[in-house]
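Protein chains: 2
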Amino acid sequence: MEAGLMQVGRRGFLGLAGAGAAGAAVALGAQAGLGQRRTGAPAAGMYAFEGPHQAGIVTPAQDRMYFASFDVTTRSRERLVALLQDWTRAARELTAGREVGGGTLPYADPPADTGEAIGLPASGLTLTFGVGPSLFTGADGTDRFGLGGRRPAALETLPHFPKDHLDPSRSDGDLCVQACADDPQVAFHAIRNLTRLAFGTAALRWSQLGFGRTSSTSSSQETPRNLFGFKDGTANLKAEESGELDRHLWVAAGDDPRADWLAGGTYLVARRISMRIETWDRTSLREQEGIFGRDRAQGAPLSGGREFDRPDFTATSRDGAPLIATGSHVRLAHPSQNDGHRMLRRGYNYTDGDTSLGRMDAGLFFVAFVRDPARQYIPLQNTLARQDALTEYLQHTGSGLFACPPGVGPDGWIGEGLFA
Amino acid sequence: MEAGLMQVGRRGFLGLAGAGAAGAAVALGAQAGLGQRRTGAPAAGMYAFEGPHQAGIVTPAQDRMYFASFDVTTRSRERLVALLQDWTRAARELTAGREVGGGTLPYADPPADTGEAIGLPASGLTLTFGVGPSLFTGADGTDRFGLGGRRPAALETLPHFPKDHLDPSRSDGDLCVQACADDPQVAFHAIRNLTRLAFGTAALRWSQLGFGRTSSTSSSQETPRNLFGFKDGTANLKAEESGELDRHLWVAAGDDPRADWLAGGTYLVARRISMRIETWDRTSLREQEGIFGRDRAQGAPLSGGREFDRPDFTATSRDGAPLIATGSHVRLAHPSQNDGHRMLRRGYNYTDGDTSLGRMDAGLFFVAFVRDPARQYIPLQNTLARQDALTEYLQHTGSGLFACPPGVGPDGWIGEGLFA
Ligand code: HEM
Ligand code: HEM
Chain W
1 MEAGLMQVGR
11 RGFLGLAGAG
21 AAGAAVALGA
31 QAGLGQRRTG
41 APAAGMYAFE
51 GPHQAGIVTP
61 AQDRMYFASF
71 DVTTRSRERL
81 VALLQDWTRA
91 ARELTAGREV
101 GGGTLPYADP
111 PADTGEAIGL
121 PASGLTLTFG
131 VGPSLFTGAD
141 GTDRFGLGGR
151 RPAALETLPH
161 FPKDHLDPSR
171 SDGDLCVQAC
181 ADDPQVAFHA
191 IRNLTRLAFG
201 TAALRWSQLG
211 FGRTSSTSSS
221 QETPRNLFGF
231 KDGTANLKAE
241 ESGELDRHLW
251 VAAGDDPRAD
261 WLAGGTYLVA
271 RRISMRIETW
281 DRTSLREQEG
291 IFGRDRAQGA
301 PLSGGREFDR
311 PDFTATSRDG
321 APLIATGSHV
331 RLAHPSQNDG
341 HRMLRRGYNY
351 TDGDTSLGRM
361 DAGLFFVAFV
371 RDPARQYIPL
381 QNTLARQDAL
391 TEYLQHTGSG
401 LFACPPGVGP
411 DGWIGEGLFA
Chain Y
1 MEAGLMQVGR
11 RGFLGLAGAG
21 AAGAAVALGA
31 QAGLGQRRTG
41 APAAGMYAFE
51 GPHQAGIVTP
61 AQDRMYFASF
71 DVTTRSRERL
81 VALLQDWTRA
91 ARELTAGREV
101 GGGTLPYADP
111 PADTGEAIGL
121 PASGLTLTFG
131 VGPSLFTGAD
141 GTDRFGLGGR
151 RPAALETLPH
161 FPKDHLDPSR
171 SDGDLCVQAC
181 ADDPQVAFHA
191 IRNLTRLAFG
201 TAALRWSQLG
211 FGRTSSTSSS
221 QETPRNLFGF
231 KDGTANLKAE
241 ESGELDRHLW
251 VAAGDDPRAD
261 WLAGGTYLVA
271 RRISMRIETW
281 DRTSLREQEG
291 IFGRDRAQGA
301 PLSGGREFDR
311 PDFTATSRDG
321 APLIATGSHV
331 RLAHPSQNDG
341 HRMLRRGYNY
351 TDGDTSLGRM
361 DAGLFFVAFV
371 RDPARQYIPL
381 QNTLARQDAL
391 TEYLQHTGSG
401 LFACPPGVGP
411 DGWIGEGLFA
C-alpha cells in the first residue's frame, strides 16, 4: 500500500494523466466502472482513459509495450462500428485494472476475461487506437466501409525509403492498438483480450513486444537507453511543452477539411528497425559518439555542456572540423535542419527469439507521433536513410502509419467522429 | 533509497540469496568488484553470485527472463576454458550491477560494456550456466574437448515425445545461460554482453525472452498466472523446503560416478511450449478448470479447500466421478502419480512477434530443474503428452537439456570441476 503510493510519486502518475483536466477523471474512473477490480489495491498507477486526447501519447512513457496491428475481415460497417464500441468498453475496464466483461460468468461459458492479469494492478496501462490507410481503401481498391471521402490526405501508406527492407507481414494494417504498461503481462493481456473481442470482425496481422522504453515523454522522467547504449529521448517533445504540442503533435480543426474527425488526434508512425548490434559493438567509442553527435556517458552534445544543453552545430575543433559531424544523427534530425519540425518519439527496444548466423534479432521499435507525417516524418526519414552515419547499422524491417482519433468523453467511443 | 530498501523486504532479496551462507557474500560482492557500479544506488535487489549452488534456481523467481543457448565454435579446450572464465568474471560484474570490463576505455576502442544498462540497478539479476550433451559429443560424434569420460549418464538429448513438433533452431545447444531479472533490459544486456565475450569461441544458437514469471520458487512469493489464466507454481518445490531440495533438486556426490563435478549442481530442462490460446479462450470455464484440476479464481484443488491445500484425488461427486478428473494436469503431474518425484519449475510466459493466420505466437517457456531428468522429467512428459487433457491445447516447439554445475567460491569459475 505504501509502496503503491510511493510509486505514484516516483513515476509521476496522476499528475500527468492526459493534458488538461484529466486528473479528475482518474479518481472517477476508479469508481465508475462496471467490472471487478482485479486487486484490492488503490487506483495507483492508473491513467484516465477519457480526455481530449487519447492516453499513451504524452503519458510519461511506460516501461513496456505490446503493439498490435489488425486486418478488418468484415465488409459490414455496422460490425466495424460495433467492434470499436466493444474495444472502447473493454479499454475502459482494462486501463482501470478491471476484468473485461465484468464479474464471473456461468460455468458453461468461456470466461469473459482471459485471466492472466488477475491479481495485477492497472500498471499504468494505456491503450491507444489508430486507423490505417487501408481502412479507407482496401487492398482491392474498394471503399469497404464508405469512409473514402473522410480519409485524411496525409494518411497514405509510407513511401519506400532508401534501404528499406520491409516484411509485409510486419507492416501496415487497418487498425492498430498500442498497449503500454509498466508490466508487460498487463500489456499482453490487454491486446489479447482486444484480439479476442475482434474475433470474426478483425484479425491480428502482426504484433510486437517492446521490453524497454527508449524515450522520455515528460521532463519528470530519466532518459532511458537504446540498444546502442546511448541515451534516447533527450531532445524529445515533452508533455510539459504545451504550446509545442499544439504546434507539432495534435491535429487541429481545419488542418484537413476532409478529416475534421481527426482534430485533437495525431498520426502514429511505427518502424521496426533491426539494429546490427554485433557490428556496432566492434566500433570505437569515438566513432559511436561521432555517429550520434552526443557522448555516451551523459548524452551531452559533442559541442559541450550537459545532456539538456542545446547542441551548437557551429562549434568546431582546432582543425576546423565541426564538433557535431555533418552526417551525425542528432544534427540531421535536429529541428534546425528540418524547417523547425519536431516529433514525439515513443519507441521501445525489442528482441525476437529468431537468430540467424549467431546474430541477435534485436533493435528499436520506433514509434513517433506527429501532426503531419508528410512534413514531419517522411522528409526526415529520407534524409536519414541517405545521409545518416547510423543507417549503416540499421535495417528497417516493418512499417506502419495510422491516424489516431482524439480522446473520448464518458459516453464516447473511439473513432466515433469518423463514422458520424 | 527508501523504495530500494522496501524492495529488499518485499521481494525477500538477500534473505534467500542462495541456500546457506550466501547472505554474507551479498555484502562482500558489493565491495569486492573491479568495475564501475552503474548507479549510486545501494546493493538493493542484488543476489550473491557466489555460493554452494548457482543462483537463479531457488532464488525467488524474478519477473522477467532472457534465455540463450550457444554452439561452441572452437575445438580448442583452452579457449573453451577461457570463455567460461571470462563469463564468470563478467557474471560477477553483471549480477552486481556493474559495467562489464570495469571503467571507461580509450576512445579508440569499442566500449567494454555495451551500455544499455547504464543507470539501471542490478534488478535482481541472476545468471545460471549449463552445459548440453553436445558439448561432450559433438554433432559429428567426436569428443572435441576431451570431456567424453566425464559426461553424466543422464545428460542425453531429450527423447522425442508424442506430439513434439520441435524446431531444431530453437532446441539444444552446447552451453546455456539463463538470465533472470526484474527488469528485462538488464537480462537482455547480460546475455548480449556474454554473447559478445564469446565471439570467436561460441555463437548464439537461439534465445527466448520471457515476459512474465509462471512460478513461485519461494513461499514468500505470490503465485503468478500463465497465459491460460490459471495460477501456476502453487505446488512447486520451494526454496524453504530444504530437505526436499536435497532430495529432488541438487545432484549429490555419488549420484553419478562419472560426473562428480556435478555434485551441488542440477539439470535444467527447457521446453518452448506454444499455447493455442484462441482455442482455449472458446472453452468453458468448467472445462478449463476440469483440465487443470484446480479452480481459476483461487487456484484451489477441485476437491475443495484453498490454494495450498492438498488435492484429494479420492474425492468424488455424488454421481461417483472424481472431483479431480483422471486426465487432469494436476492429477497426472502430482508426486503421488510419479513415484514421489517433484521438480522445481521456473518458467516464463513468452510471445514472439510472428503470427500466422491471425494466431498469437505465445505460450510458456517451461524451465524445470531436477536432480535426475531420467526419473523426474522424461516419464512425466511421456505421460502428459499421452494422457493430459491440456495437451490438446499445446505444442512443444523447442527443447533443451543442460547440466548446471555447482556454484563458485571467490576464486572459482563456472564449470571448473568439469575441466579439473
Ligand atoms: C534505431 C534507430 C535509431 C536510433 C538508435 C536513434 C537514436 C537517437 C539518439 C541516441 C538520439 C539523441 C538523443 C535524443 O534526443 O533522443 C536521437 C535523436 C533524435 N532522433 Fe533518433 N534514432 C533512431 C532512429 C530515428 C528515426 C527513424 C527518426 C525519424 C525519422 C529519428 C529521429 C530523431 C529525432 C527527431 C531526434 C532529436 C534530434 C534533436 O532534436 O536533437 N531517429 N535518436
Ligand atoms: C503450457 C504448458 C503447461 C501449463 C499451462 C501448466 C500449468 C500448470 C498449472 C496451472 C498447474 C497447477 C498449479 C501448480 O501447482 O503450479 C501445474 C502443475 C504442475 N505442472 Fe504444469 N503446466 C504445463 C506444462 C507442464 C509440463 C510440461 C510439466 C512437466 C513435464 C508440468 C509439470 C507440472 C507439475 C509437476 C505440477 C505440480 C503438480 C502437483 O504437485 O500438484 N507442467 N501446471
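One line per chain: the protein sequences are W and Y, in this order. Here the first sequence is numbered in UniProt numbering, starting from 1 and rising by one per residue. Here the second sequence is numbered in UniProt numbering, starting from 1 and rising by one per residue. Backbone N, C-alpha and C fix where the C-beta goes; we use that ideal spot for every residue, glycine too. All figures in this text were calculated on a predicted structure; none of them were measured in a lab.
Could you compute how far the alpha carbon of residue i sits from the alpha carbon of residue j?
i             : j        : result
Leu323/Y      : Glu392/Y : 21 Å
Asp63/W       : Leu344/Y : 30 Å
Leu418/W      : Ala198/Y : 54 Å
Gly407/Y      : Asp281/Y : 43 Å
Ala403/W      : Thr266/W : 6 Å
Ala187/Y      : Gly293/W : 28 Å
Asp309/W      : Gly102/Y : 29 Å
Pro162/Y      : Phe365/Y : 18 Å
Pro152/W      : Cys176/W : 17 Å
His165/Y      : Ala91/W  : 36 Å
residue 426/W : Pro405/W : Here chain W comprises residues numbered 1 to 420, so residue 426/W is not present and cannot be evaluated.
residue 440/W : Asp113/W : Nothing about residue 440/W can be reported from this structure: the residues present for chain W run from 1 to 420 only.
Ala108/W      : Ala300/Y : 19 Å
Thr201/W      : Val370/W : 29 Å
Gln387/W      : Gly327/W : 6 Å
Glu222/W      : Thr314/Y : 57 Å
Ser171/Y      : Ala190/Y : 21 Å
Gly45/W       : Gly45/Y  : 22 Å
residue 467/W : Leu285/Y : What is shown of chain W runs 1 to 420, which leaves residue 467/W out entirely.
Gly229/W      : Thr195/Y : 16 Å
Gly29/Y       : Ala122/Y : Low local confidence applies: a pLDDT of 31 at Gly29/Y is under 50, so the model's placement there is unreliable, with the coordinate-based value given in what follows. Spanning the two alpha carbons is a distance of roughly 12 Å.
Met65/W       : Glu99/W  : 20 Å
Asn349/W      : Arg318/Y : 55 Å
Gly146/Y      : Arg192/Y : 29 Å
Leu34/W       : Ile118/W : For Leu34/W, the predicted model reports a pLDDT of 34, less than 50, meaning its position is unreliable; a value from the coordinates is still stated below. Going from the Cα of Leu34/W to the Cα of Ile118/W covers about 16 Å.
Gly149/Y      : Leu262/Y : 13 Å
Leu347/Y      : Gly412/Y : Per the sequence presented here, residue 347/Y reads as Gly, with Leu not at that position. Spanning the two alpha carbons is a distance of roughly 28 Å.
Asp372/W      : Asp256/W : 10 Å
Gly358/Y      : Ser69/W  : 10 Å
Give the DSSP bridge partners of residue i, in chain order.
i             : result
Asn349/W      : Gly212/W, Leu364/W
Ser274/W      : Gly363/W, Gln395/W
residue 437/Y : The structure shown does not extend to residue 437/Y, since chain Y is modelled only from 1 to 420, so the question has no answer here.
Ala202/W      : Val72/W
Arg294/Y      : Pro301/Y
Lys231/W      : Arg225/W
Ala403/W      : Val131/W, Tyr267/W
Leu390/Y      : For Leu390/Y, which the question treats as bridged, DSSP gives no partner whatsoever.
Val370/W      : Tyr267/W
Thr126/Y      : Cys180/Y
Just to confirm, is the Cβ distance from residue i to residue j under 8 Å?
i             : j        : result
Leu158/Y      : Ser399/Y : yes
residue 422/Y : Ala61/Y  : Residue 422/Y cannot be examined here, being either before or after the span of chain Y that is shown, 1 to 420.
Gly84/W       : Val72/W  : The sequence given here places Leu at residue 84/W; Gly does not occur at that position. No. Outside cutoff.
Leu227/W      : Glu287/Y : no
Lys111/W      : Arg296/Y : First, the residue type needs correcting, since residue 111/W is Pro and not Lys in the sequence shown. Yes, the pair counts as a contact, with Cβ atoms nearer than the cut-off.
Ser218/W      : Glu240/W : yes
Pro184/W      : Phe211/Y : yes
Asn338/W      : Leu380/W : yes
Gly264/Y      : Val251/Y : yes
Phe67/W       : Ile414/W : no
Met275/Y      : Ala333/Y : no
Ala374/W      : Ala154/W : yes
Ser215/Y      : Asn236/Y : yes
Val269/Y      : Ala368/Y : yes
Gly141/Y      : Asp174/Y : no
Beta carbon of residue i: closer than 7 Å to some heavy atom of ligand 3?
i        : result
Thr234/W : No copy of ligand 3 occurs in the structure displayed; its ligands are ligand 1 and ligand 2 alone.
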